[in-house]
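Student:
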Amino acid sequence: IGGECVTEWPQTPFPPSHIHILGKRIIVVGVDGDFVFLDSSTLVSTSDSARPFPSSVQYSTVVDGLLIGTWTEYELKIARMAALRTDVELSEGVDKAELRTGSEHEVPKVAGAIWSHALESEPLAMTSEGERIAFCTYKGGIYCISPNSTELWRQPLVEWPKLSKFPDGSHIVGIASAPDPNDASVQRIWVWGAAGGWAIYSWEDGDLLDQGSLEVKLHLESVWGSEDGEWLLGFPPDNVARWRHGGEIEVATVNGPINDALWDEKGWSMTGWREDLRWGSDGIQQASRPEIGMSIYEHRKQGKLILDNTGNWSRFQF
2 IGGECVTEWP QTPFPPSHIH ILGKRIIVVG VDGDFVFLDS STLVSTSDSA
52 RPFPSSVQYS TVVDGLLIGT WTEYELKIAR MAALRTDVEL SEGVDKAELR
102 TGSEHEVPKV AGAIWSHALE SEPLAMTSEG ERIAFCTYKG GIYCISPNST
152 ELWRQPLVEW PKLSKFPDGS HIVGIASAPD PNDASVQRIW VWGAAGGWAI
202 YSWEDGDLLD QGSLEVKLHL ESVWGSEDGE WLLGFPPDNV ARWRHGGEIE
252 VATVNGPIND ALWDEKGWSM TGWREDLRWG SDGIQQASRP EIGMSIYEHR
302 KQGKLILDNT GNWSRFQF
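Offset between the sequence shown (1-based) and this note's numbering: plus 1.
In C-alpha cells form, the structure reads like this:
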C-alpha cells in the first residue's frame with residue numbers, strides 16, 4: 002500500500018496538525034492544541050504532551066527559541082496570542098469548562114507563556130523572518146512584533162478593488178516571508194487574498210511596495226513560497242498551482258487539499274488528501290496513501306517522511 006506506516010517510528014500521542022523543527026528536536030502541534038517534543042532522529046517523545054490552552058492552534062512560528070502561536074476558541078469568541086519557551090517542559094492549561102465559567106474580562110492566559118495577550122479579532126495568518134513576526138487579524142490590520150511582543154509597526158489590511166466582485170475576495174488567507182521579486186537577497190512579507198490578490202510589504206517599516214492579482218477564478222486557501230521566488234498555491238478542493246512574479250500561473254488537478262509542501266531545486270514535494278505529490282520540470286506525479294498527510298519532515302538520514310492525521314510516520318513516495 003502506498004505510504005505504508007513504518008513501525009519503528011512511534012505514533013504521536015494525539016492527531017497532529019503541523020510540526021516545527023528545533024534542531025535536535027521536533028515540536029508536534031495537535032489539532033486540539035496539544036504539544037509534544039520528539040527526538041528529531043528517533044521520533045520518540047522526549048516530553049509529556051500538554052495543552053496550554055483549551056483550543057486549537059491556528060498559526061504558529063518559531064523565533065529566537067520561542068514558539069509564537071495563536072489560539073482561537075470560536076464558540077466562546079476567545080482569541081489569544083502567546084509565546085512559549087521551547088527549552089522547557091510545556092504546561093497544562095485550564096480545561097474548556099473552566100474557560101466557559103471564566104469572566105469575560107478575566108480569560109485565562111496560555112499556561113507557561115512568557116507573554117500572553119487577548120486578540121480583539123480572529124487571527125488570519127502568521128509568518129516570521131529573523132527576529133520579527135508578522136501576522137494579520139480579521140478587520141484589524143497587519144502587525145509586526147518582536148519576540149517579546151513589542152509592536153514594531155502596523156498597517157491597514159490591503160484591498161484589491163478589481164477583485165471586489167468575488168465574495169470575500171480581499172479576505173486574507175496567507176502571509177509568508179519570501180524573496181523580493183527584483184532582489185532575491187532581500188526578504189519581503191507577501192500577503193495573499195482569497196481571490197488571488199497578492200501584496201508585498203517591507204519587513205523593516207511595513208511599507209506596501211507592490212500589489213497585483215492572478216488571473217484565476219479559484220478560491221485560494223494556502224500558500225508556500227520557495228527560496229528562488231516560486232509560489233505553490235492551494236485552491237481546494239482539487240486544484241494546486243505554481244506561479245512566479247511576472248509569469249503565468251500553471252494549474253494542476255489533485256485529489257484534495259494540500260496540507261504541507263517543501264521546495265528544492267528539483268521542484269515541490271507535497272502531501273495532502275490521501276496522496277503524496279511531486280511537481281518538477283516533467284510535470285506532476287501522484288501516489289496514493291491510506292491516510293491524510295499533514296506534515297513533511299526532511300529526516301537527516303531517512304529522507305522525507307510524512308506525518309499523517311493518525312499520528313503515524315511513513316516515507317514520502319518520491
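Backbone N, C-alpha and C fix where the C-beta goes; we use that ideal spot for every residue, glycine too.
(1) Is the beta carbon of residue 51 less than 8 Å from the beta carbon of residue 70?
(2) Looking only at its chain, what residues have a beta carbon closer than 8 Å to the beta carbon of residue 158, apart from the 5 residues adjacent to it on each side?
(3) Between the C-alpha atoms of residue 1 and residue 175, what's the straight-line distance to the nearest angstrom?
(4) With DSSP as the reference, label residue 2 as helix, strand or coil.
(5) Do residue 264 and residue 228 have their C-beta atoms closer together than 8 Å?
(6) Verify whether the separation of the beta carbon atoms of residue 226 and residue 215 is less than 8 Å.
(7) Note down the Cα distance separating residue 40 from residue 165, rounded to an integer number of angstroms.
(8) Leaving aside the five residues before and after residue 252 along the sequence, list all residues of the same chain whose C-beta is less than 6 Å from its C-beta, in chain order.
(9) What would DSSP say about residue 28, mapped onto helix, strand or coil?
(10) Could you pull out every residue in the same chain whose Cβ sits closer than 7 Å to the Cβ of residue 169, ignoring the five residues on either side in sequence?
(11) Where in the stretch 165–230 do unbroken runs of the beta strand (DSSP E), each at least 3 residues long, occur, reported from the N-terminal end onward?
(12) Closest by CA to residue 77, which one among 100, 91 and 57?
(13) Do you know how far the Cα of residue 21 is from the Cα of residue 218?
(14) From residue 11 to residue 129, what does the alpha carbon distance come to, in whole angstroms?
(15) For the beta strand (DSSP E) holding residue 305, just list the boundary residues, first then last.
(16) Give the single residue among 273, 266 and 248 whose Cα lies nearest to the Cα of residue 236.
(17) Residue 2: buried (16+ other C-beta within 10 angstroms of its C-beta) or exposed?
(18) Per DSSP, which residues does residue 127 bridge with? Please list them.
(19) Would you identify the three-state DSSP class for residue 266, choosing helix, strand or coil?
(20) CA-CA distance, residue 285 and residue 318?
(21) Could you have a look at residue 87 and say whether DSSP puts it in helix, strand or coil?
(22) In this structure, how does DSSP classify residue 98 when only helix, strand and coil are distinguished?
(23) Give the DSSP bridge partners of residue 284, in chain order.
(24) Pull up the distance between the alpha-carbon of residue 45 and that of residue 30, whole angstroms please.
(25) Suppose you measure from the CA of residue 183 to the CA of residue 73; what does that come to, to the nearest Å?
(26) On the DSSP bridge list, what partners appear for residue 144?
(27) Looking only at its chain, what residues have a beta carbon closer than 6 Å to the beta carbon of residue 149, apart from the 5 residues adjacent to it on each side?
(28) Which residues in the same chain have their Cβ closer than 7 Å to the Cβ of residue 117, if we skip the five residues on either side of it in sequence?
(29) How is residue 237 classed by DSSP in three states: helix, strand or coil?
(30) If you count every other CB in all the chains shown that lies within 10 Å of the CB of residue 187, and 16 or more means buried, which is it?
(31) Rounding to the nearest angstrom, what Cα-Cα distance links residue 260 and residue 57 in this structure?
(32) Please name the residue in 67, 85 and 97 whose C-alpha comes closest to that of residue 79.
Tutor: The short version:
(1) The count along the sequence shown starts at 1 and reaches residue 51 at position 50. The count along the sequence shown starts at 1 and reaches residue 70 at position 69. Going by C-beta atoms, residue 51 is not nearer than 8 Å to residue 70.
(2) Translated into the one-based positions of the sequence shown, residue 158 becomes position 157. These residues qualify, in order along the chain: 137, 140, 141, 142, 143, 171 and 173.
(3) No answer is possible for residue 1: it lies beyond the span of the chain, which begins at 2 and ends at 319.
(4) The residue given as residue 2 occupies position 1 in the sequence shown. Low local confidence applies: a pLDDT of 42 at residue 2 is under 50, so the model's placement there is unreliable, with the coordinate-based value given in what follows. Note: residue 2 maps to coil in three-state DSSP.
(5) Residue 264 sits at position 263 when you count from the first residue of the sequence shown. Residue 228 sits at position 227 when you count from the first residue of the sequence shown. Yes, they are a contact pair.
(6) Counted from its first residue, the sequence shown places residue 226 at position 225. Counted from its first residue, the sequence shown places residue 215 at position 214. No, the pair does not count as a contact, with Cβ atoms beyond the cut-off.
(7) For the purposes of this step, residue 40 is taken as residue 39 along the sequence shown, with counting starting at 1. For the purposes of this step, residue 165 is taken as residue 164 along the sequence shown, with counting starting at 1. So the two alpha carbons sit approximately 48 Å from each other.
(8) Indexing the sequence shown from 1 puts residue 252 at position 251. Answer for residue 252: 240 and 242, listed in chain order.
(9) For the purposes of this step, residue 28 is taken as the residue at position 27 of the sequence shown. Of the three classes helix, strand and coil, the one that applies to residue 28 here is strand, per DSSP.
(10) Position 168 of the sequence shown, counted from the start, is the residue given in the question as residue 169. Closer than 7 Å at Cβ, skipping near neighbours: 195.
(11) 173–181, 184–194, 198–203, 209–214 and 223–226
(12) Counting from one through the sequence shown, the residue named residue 77 turns up at place 76. That would be 100, whose Cα lies nearest to the Cα of residue 77.
(13) Here the question's residue 218 lines up with position 217 in the sequence shown. Here the question's residue 21 lines up with position 20 in the sequence shown. Spanning the two alpha carbons is a distance of roughly 33 Å.
(14) Within the sequence shown, the letter at position 10 stands for residue 11. Within the sequence shown, the letter at position 128 stands for residue 129. Cα to Cα, residue 11 sits roughly 30 Å from residue 129.
(15) Here residue 305 corresponds to residue number 304 of the sequence shown, with the count starting at 1. Run containing residue 305: 304–309, per the beta strand (DSSP E) assignment.
(16) Counting from one through the sequence shown, the residue named residue 236 turns up at place 235. The shortest C-alpha separation from residue 236 is found at 273.
(17) For the purposes of this step, residue 2 is taken as the residue at position 1 of the sequence shown. Confidence in residue 2 is poor, its pLDDT being 42 and thus under 50, which makes the residue's placement too unreliable to answer from.
(18) Within the sequence shown, residue 127 is the residue found at index 126, counting from 1. Answer is 136.
(19) The residue you call residue 266 lines up with position 265 of the sequence shown. Coil at residue 266, not helix or strand.
(20) Position 284 of the sequence shown, counted from the first residue, corresponds to residue 285. Position 317 of the sequence shown, counted from the first residue, corresponds to residue 318. Rounded to whole angstroms, residue 285 to residue 318 spans 13 Å at the Cα level.
(21) Looking up residue 87 in the sequence shown gives position 86. Coil at residue 87, not helix or strand.
(22) Walking along the sequence shown from the start, residue 98 turns up at place 97. Note: residue 98 maps to helix in three-state DSSP.
(23) Numbered from its first residue, the sequence shown carries residue 284 at position 283. Answer is 281, bridged to residue 284.
(24) Reading the sequence shown from its first residue, position 44 is the one you call residue 45. Reading the sequence shown from its first residue, position 29 is the one you call residue 30. Approximately 15 Å between the Cα atoms of the pair.
(25) Against the sequence shown, residue 183 aligns to sequence position 182. Against the sequence shown, residue 73 aligns to sequence position 72. Rounded to whole angstroms, residue 183 to residue 73 spans 37 Å at the Cα level.
(26) Along the sequence shown, read from residue 1 onward, the residue named residue 144 stands at position 143. Looking at the DSSP assignment, residue 144 forms a beta bridge with 136 and 155.
(27) Here residue 149 refers to the residue found at position 148 when the sequence shown is read from its first residue. For residue 149, where only same-chain residues beyond five positions count, there are no Cβ hits under 6 Å.
(28) Position 116 of the sequence shown holds residue 117. 81, 83, 110 and 111, listed in sequence order.
(29) As a first step, residue 237 must be located in the sequence shown, where it is residue number 236. Coil, per DSSP.
(30) Position 186 of the sequence shown, counted from the start, is the residue given in the question as residue 187. With fewer than 16 Cβ atoms within 10 Å of its Cβ, residue 187 is classed as exposed.
(31) Indexing the sequence shown from 1 puts residue 260 at position 259. Indexing the sequence shown from 1 puts residue 57 at position 56. So the two alpha carbons sit approximately 16 Å from each other.
(32) The residue given as residue 79 occupies position 78 in the sequence shown. Cα-wise, what sits closest to residue 79 is 97.
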